[in-house]
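The block underneath contains the structure these notes are about, expressed in structure tokens.
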Amino acid sequence: KQEVTQIPAALSVPEGENLVLNCSFTDSAIYNLQWFRQDPGKGLTSLLLIQSSQREQTSGRLNASLDKSSGRSTLYIAASQPGDSATYLCAVAPGTYKYIFGTGTRLKVLA
Amino acid sequence: DTEVTQTPKHLVMGMTNKKSLKCEQHMGHRAMYWYKQKAKKPPELMFVYSYEKLSINESVPSRFSPECPNSSLLNLHLHALQPEDSALYLCASSQPRLAGGPKASTDTQYFGPGTRLTVL
Chain V
1 KQEVTQIPAA LSVPEGENLV LNCSFTDSAI YNLQWFRQDP GKGLTSLLLI QSSQREQTSG
61 RLNASLDKSS GRSTLYIAAS QPGDSATYLC AVAPGTYKYI FGTGTRLKVL A
Chain D
1001 DTEVTQTPKH LVMGMTNKKS LKCEQHMGHR AMYWYKQKAK KPPELMFVYS YEKLSINESV
1061 PSRFSPECPN SSLLNLHLHA LQPEDSALYL CASSQPRLAG GPKASTDTQY FGPGTRLTVL
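For the record, the sequence lines run as chains V and D.
Each residue of the first sequence is one higher than the one before, counting from 1 in my numbering.
Each residue of the second sequence is one higher than the one before, counting from 1001 in my numbering.
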């Protein structure tokens, strides 16, 4: 059974700091991996999607990497801003349509 | 338009009530999803419709009944719910990636804002 874990569970950093969020999964047979952010009480916003054949994706200040063999993905956020404060979730797709979400990292960026 | 809409935003119902949650998207996506999210927990997949057919049912109790009337709409019918069913219900859509398909697609999921359900 696929299990997805995110470390740390919570993180508080000063504005401007570069940071790395970690996602680990137990079964390397995945279709893709997505990173999302969720603001309190709101829906999820997709940030980056990495197909199983890819190693990384970039969007603005965000960079996500995928190492299937080790069951790991990282989300790198450059020059963090208070507006980046949210819960960040990774989701692993073991097959088409089916997504298993990680436990999430609650990020707070202090002004 | 990259928006998924959900109605109502909030719903309070008794255990004997029948209610429905609605979800709509106009992005031409052919996969639609229902998730349940409890407080401070990640979303849990409930149902997936692909091309208007139920593709995945994650052993959800029969008091939850999904319906996909057309490619843009997804409903979740609720009946005889329990207080532990109180949660945020999220709808999502995506365009599945097809080998050799006419359009590029990314499997990216677009989520609605959710319906906050309270069962008394």
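Don't be surprised by glycine CBs; every beta carbon is placed ideally from N, CA and C.
In this text, all values refer to a predicted model and were calculated from it rather than measured experimentally.
When the Cα atoms are used, what is the spatial distance from residue i to residue j?
| i | j | result |
| --- | --- | --- |
| TYR76/V | HIS1079/D | 44 Å |
| THR1005/D | ASN1075/D | 12 Å |
| ASN1057/D | LYS98/V | 10 Å |
| GLY1100/D | THR45/V | In this prediction, GLY1100/D has a pLDDT of 49, which is less than 50 and means its spatial position is unreliable; what the coordinates show is noted afterwards. GLY1100/D and THR45/V: Cα-Cα distance of roughly 28 Å. |
| VAL92/V | GLN54/V | 14 Å |
| GLU1044/D | GLY102/V | 10 Å |
| TYR1110/D | SER73/V | 21 Å |
| GLY1114/D | SER1055/D | 22 Å |
| GLY41/V | ARG61/V | 25 Å |
| VAL13/V | ASN22/V | 16 Å |
| LYS1053/D | LYS1019/D | 22 Å |
| LEU47/V | THR105/V | 14 Å |
| GLY1014/D | SER65/V | 46 Å |
| LEU19/V | LEU1120/D | 42 Å |
Any C-beta of chain V sitting closer than 8 Å to the C-beta of residue i?
| i | result |
| --- | --- |
| LEU1090/D | yes |
| PHE1159/D | The question about residue 1159/D has no answer here: the residues shown for chain D are numbered 1001 through 1120. |
| LEU1045/D | yes |
| ASP1085/D | no |
| PRO1102/D | Caution applies to PRO1102/D, whose pLDDT of 42 falls short of 50 and renders its modelled position unreliable; the model cannot decide the point. |
| PRO1042/D | yes |
| VAL1012/D | no |
| VAL1060/D | no |
| ALA1080/D | no |
| SER1050/D | yes |
| THR1108/D | yes |
Near residue i, which residues of its chain fall below 7 Å by C-beta distance, leaving aside the five closest residues on each side in sequence?
| i | result |
| --- | --- |
| SER52/V | ILE30, TYR31, ASN32, LYS68 |
| THR96/V | TYR31 |
| ALA111/V | GLU15, PRO82 |
| GLN2/V | PHE25, THR26, ASP27, VAL92, PRO94, ILE100 |
| GLU17/V | SER80 |
Excluding the five sequence neighbours on either side, which residues of its own chain have a C-beta within less than 8 Å of the C-beta of residue i, listed in chain order?
| i | result |
| --- | --- |
| GLY71/V | SER24, PHE25, THR26, ASP27, SER28 |
| LEU1011/D | LYS1019, LEU1021, THR1115, ARG1116, LEU1117, THR1118 |
| SER1059/D | none |
| LEU1073/D | LYS1022, CYS1023, GLU1024 |
| SER59/V | LEU47, LEU48 |
Check whether the Cβ atoms of residue i and residue j lie closer than 8 Å to each other.
| i | j | result |
| --- | --- | --- |
| SER1062/D | ARG1030/D | no |
| ASP1085/D | PRO1096/D | no |
| TYR34/V | THR87/V | Inspection of the sequence shows that residue 34/V is occupied by Gln rather than by Tyr. Against a cut-off of 8 Å, the Cβ pair of THR87/V and GLN34/V comes out as no contact. |
| PHE36/V | LEU107/V | no |
Counting only the same chain and skipping the five closest in sequence on each side, list residues whose C-beta sits under 6 Å from that of residue i.
| i | result |
| --- | --- |
| SER1126/D | Residue 1126/D lies beyond the residue range present for chain D, which begins at 1001 and ends at 1120; the question has no answer from this structure. |
Would a check of beta-carbon distances place residue i closer than 8 Å to chain D?
| i | result |
| --- | --- |
| LEU49/V | yes |
| TYR99/V | yes |
| GLN2/V | no |
*Whole runs of the beta strand (DSSP E) within the segment 1022 to 1067 of chain D, excluding any shorter than 3 residues*: The beta strand (DSSP E) runs lying completely inside the segment 1022 to 1067 of chain D and spanning 3 residues or more are 1031 to 1037, 1044 to 1050, 1053 to 1057, given in chain order.
*Jot down the residue ranges of each uninterrupted beta strand (DSSP E) in the segment 17 to 49 of chain V, minimum 3 residues, whole runs only, in chain order.*
Unbroken beta strand (DSSP E) stretches of 3 residues or longer found wholly inside the segment 17 to 49 of chain V: 19 to 25, 32 to 38, given in chain order.
_Just to confirm the assignment: which complete beta strand (DSSP E) runs, minimum length 3, are found wholly within the segment 64 to 104 of chain V?_
Entirely contained in the segment 64 to 104 of chain V, the beta strand (DSSP E) runs reaching 3 residues are, in chain order, 72 to 77, 86 to 93.
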